[in-house]
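Residue numbers (my numbering), protein chains in the order written: chain U, 1 to 274; chain Z, 1001 to 1267; chain D, 2001 to 2264.
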């Protein structure tokens, strides 16, 4: 179970202005501004839930994920995941989580995928039988048989993403973070990845937290949606609740609601968080 | 011409952006310059002041080398151009209604001149504040200074023409970075960047002076400090022009070949 | 994580790195040759310069080559094992450090493991050549003590450079965009450390003793090695580098903590 209570996080960011004069000035003096990335954020997520975490760029999504995965320490507030404080027991904590970054790769570029997997086996100290079982299972579910022996650089984006997802699950994490897992994928791969995520959630009760800009991901995967804007939770509920919120804030017609992108865009605009 | 000027300006503006990089470069060059001056001081004393160049000329040479490093070094390449070659963006360049060779040439010159102008002022300023004898001298005469400027232009021409050849070579190999390293590694020495050419033993010096690399920074720097003077200057300038023409021509021909290759193979 | 497992994992990383590099054999070979040429340039420069005189502040050609070789070996070994620290700022920029923190093993092990670069060994060839010339022509009586001193100098030098790389890597955590300022200290020492530090004069000697302890691995043990002093404790000075390394590590730890509270 994940509980976040009143978590705050702010950053100091150097201002940078365009122009030759400004660039020269910046040589000597710099101005900073404070950005409140998270402002008293609280939520609870039960084991086995699948949560879509959405919000416009810069809303605080990645700060939340970083705090939950133990690589960022909040300014204040508490966060407990299965009895662990992520940033305090980082090494212990990360054993139990898996993270997929859609825009980055954790596979070695020039060597066969299976070699990257073997390396992960060492890193997470996975026992050989356990590793073999898991690999077998993942290979079947994600149809990796053909591509395991191929160097990552020769894989298509869709194939690579399937491998990335598999790599994040080799150590059987109880909690899986997916950061834009379907970005840039073709239709077939998107469906495969979504389908797979639902499957592992069903079979292993893996808790899934998904951040994405693709509303279809949310529609298919997430049972619950958390909408964040300007560092605060603005909405926490089902997809229907999201639709209602959009309806209440705007005199939209039922027709418009069919398009989820439209619903979210309206919400962002109405909540003034863009 | 205006188009090339715009390329030059674009690159110039990009160069101003980095502040930490500027400070780093200044520190690095000051440290390098000073350490070399100190080392040659010890060497001058060891040799009983019978060095092939007199000590004050060496000091000027060293500081010019540090101040104008961005202008004359052979190893720094425009990373954007290298990137374009590696990732295939070169196709965009070929869509522009300009000769790619001239475009890249002006771009490289622009990049080097802008960086050198920005960097040489603080380096020279600090260098002139150094205590005697580690302070660079003024040009030996007005005439020498004028010739220094003139030969510096030719030297830049030879250097860039050579760099262009290296860029173009990249089209014919699977390992552009590797070739670049091998080529520039050897040339670093032959252009007098490690030790000035007069320090080469006679035989080696003769060979080095047959190659184009001796007509890069070597000529202007030694004119400035008076080591190259009088009747030795005109032949040096002629050889600079000769090598500039030869390398440019070679570069253009090589580019023609590369272009064919790109069209055939699709980049 | 215990030491045996760490070593096993490091070896694993290193072999994967080698395997990756071998995918591009031509590139690897050319880079290697390029690095050999670059280091050879320095050697030839010394050779050419020494054609004009016999001794520089009492150091012969062989002595200088010995000194050059020791610095080259130290630097090359440090680059080989500590390359990860050297390129650390790019790892942070690409978010690789986040990924590293998401794994249940030592970040340092992962940083240096994933960036083990066998191609960095090129200068070893030059170093070997100059070491042999230096050993044959330098003013050293080769007994057990001398060999011990030599080994200690190389070990100390390697640790010193690794410490500097680590220090440079730590800079990333303190909102310094460009960490290449550390190159002045690393590459600077590599290229100017070919001469015994005392030829540069008092000021440099002081800097290289009290600010960055280069003299501990170069000037002092060299005096003993070349028989310019009978003080055998000079031979043990390189051990002092451990303290320097520990200080660099403290800075690194503070940096990592800072990173976790500020993000990148």
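No residue lacks a Cβ here, since even glycine has one placed at the ideal position from N, Cα and C.
Counting only Cβ-Cβ distances below 8 Å, residue 2053/D has contacts in chain Z at 1043, 1046, 1047, 1048, in chain order.
Membership of residue 78/U in the beta strand (DSSP E) is indicated by the continuous run 76-81. Under the Cβ criterion (8 Å, minimum of three pairs), the stretch 1065-1078 of chain Z counts as touching the stretch 1026-1044 of chain Z. For the stretch 2180-2200 of chain D, residues whose beta-carbon sits nearer than 7 Å to a beta-carbon of chain Z comprise 2180, 2181, 2183, 2184, 2188, 2192, 2195, 2199, 2200. Taking 8 Å as the cut-off, the beta carbon of residue 97/U is found no closer than this to the beta carbon of residue 196/U. With at least 16 other beta carbons inside 10 angstroms of its own, residue 56/U counts as buried.
Measuring C-alpha to C-alpha distances from residue 99/U to each of 213/U, 67/U, 126/U, 272/U identifies 67/U as the nearest. If you look at residue 39/U, you'll find it isn't in any alpha helix (DSSP H); it sits in the beta strand (DSSP E) that goes 32-45.
The beta carbon of residue 2208/D is closer than 6 Å to those of 2197, 2214, 2215 in its chain, skipping five residues each way along the sequence. Cβ contact annotation for residue 2238/D (same chain, cutoff 7 Å, sequence separation greater than five): 2152, 2153, 2155, 2156, 2216, 2217, 2221, in chain order. Within 10 angstroms of the beta-carbon of residue 2174/D lie fewer than 16 other beta-carbons, which makes it exposed. The continuous beta strand (DSSP E) containing residue 227/U extends over residues 224-229. Take the alpha-carbon of residue 2235/D and the one of residue 2070/D: they are about 14 Å apart. Taken in chain order, the whole alpha helix (DSSP H) runs of length 4 or more contained in the stretch 2048-2116 of chain D are 2061-2086, 2088-2093, 2096-2101, 2107-2114. Secondary structure at residue 10/U: strand, using DSSP grouped into helix, strand and coil.
Close CB contacts of residue 1215/Z within its chain, under the 6 Å cut and outside five residues either way in sequence, are with 1158, 1239, 1240, 1243 (chain order). Chain-ordered, the chain D residues with CB closer than 7 Å to the CB of residue 111/U read 2016, 2019, 2020.
Under DSSP, the beta-bridge partners assigned to residue 112/U are 151/U. Taking 8 Å as the upper bound on Cβ-Cβ separation, chain D lies near residues 63, 66, 69, 70, 71, 72, 73 of the stretch 55-73 of chain U. Rounded to whole angstroms, the Cβ separation of residue 1144/Z and residue 1058/Z is 16 Å, and the two are not in contact under 8 Å. Restricting attention to 1003/Z, 1025/Z, 1002/Z, the CA atom closest to the CA of residue 2181/D is found in 1025/Z.
Residue 209/U is bridged by DSSP to 51/U, 177/U.
If the five residues before and after residue 1147/Z are omitted, its C-beta is found closer than 7 Å to the C-beta atoms of 1223, 1233, all from its own chain and listed in chain order. At a Cβ-Cβ threshold of 8 Å, residue 2064/D and residue 2195/D count as neighbours.
In the displayed model, residue 146/U falls within coil according to three-state DSSP, outside both helix and strand. Residue 99/U is bridged by DSSP to 177/U. Residue 2157/D: member of the alpha helix (DSSP H) spanning 2144-2171, first to last residue. Looking only at 240/U, 202/U, 204/U, 234/U, the smallest Cα-Cα distance to residue 218/U is reached by 240/U. Under the criterion of beta carbons closer than 8 Å, residue 2052/D and residue 1197/Z do not qualify as touching, at roughly 14 Å. The beta carbon of residue 131/U does not come within 8 Å of any beta carbon belonging to chain D, so the residue lies off that interface. At a cut-off of 8 Å between C-beta atoms, residue 2238/D does not count as an interface residue with respect to chain U. DSSP, reduced to helix, strand and coil, places residue 214/U outside both helices and strands of the structure shown, so it counts as coil. Between residue 108/U and residue 2016/D, the CB-CB gap stays under 8 Å. In the DSSP assignment, residue 233/U falls within the beta strand (DSSP E) that extends over 232-237. For the pair residue 1153/Z and residue 1255/Z, the CB atoms are not nearer than the 8 Å cut-off.
The three-state secondary structure of residue 2/U, taken from DSSP, is strand.
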